[in-house]
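Participant: Here it is, the structure in full.
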Amino acid sequence: MAMKKFDLEKNKALKLGNQMKQTLAADRFGKASTQQPQLDRREQRKLDQAMGLVPFACKLPQALVDQLKERAATHPEGMNALVAELLVNGLAASA
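Here is the structure:
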């Protein structure tokens with residue numbers, strides 16, 4: 001079903017408004033000078049797919065999540081690499 005011109009323009013305006021909100025929030029309090037440039041979700045998804053990464057969600061107890069966050073803060077590659085490393089080690093130990 002084709003969209004009317006008004007609906008297309010409305011969607012463009014909403015998209016532009018959201019982009020403006022994101023850029024204002026990033027520049028607040030000097031955050032922009034300390035952070036790396038963020039990729040949008042589509043670009044990040046393409047990079048993840050190229051590296052062979054697949055999203056995997058599960059529910060964990062809060063105490064375990066807190067421990068993961070503490071370790072991820074000191075892990076050089078962040079939360080994703082930490083969880084992958086722990087899973088590989090755990091699976092190797094159980095085999």
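Each residue of the sequence shown is one higher than the last, beginning at 1 in the working numbering. Note that the Cβ used here is the ideal one computed from N, Cα and C, for glycine as well. The structure displayed is predicted, hence computed values, not measured ones.
Put V54 into one of helix, strand or coil per three-state DSSP.
Facilitator: In the sequence shown, counting from the first residue as 1, residue 54 sits at position 54. Three-state DSSP puts V54 in coil, outside helix and strand.
Participant: Using DSSP with H/G/I as helix, E/B as strand and the rest coil, what is A63?
Facilitator: What you label residue 63 is simply residue 63 of the sequence shown in a count that begins at 1. Three-state result, A63: helix.
Participant: Distance, Cα to Cα, R71 vs N89?
Facilitator: Here residue 71 corresponds to residue number 71 of the sequence shown, with the count starting at 1. Here residue 89 corresponds to residue number 89 of the sequence shown, with the count starting at 1. Here the alpha carbon of R71 sits roughly 15 Å from the alpha carbon of N89.
Participant: List the whole-angstrom C-beta distance separating L82 from L68, where the pair is believed to meet the contact cut-off of C-beta under 8 Å.
Facilitator: Reading the sequence shown from its first residue, position 82 is the one you call residue 82. Reading the sequence shown from its first residue, position 68 is the one you call residue 68. L82 to L68, Cβ: 7 Å. Contact.
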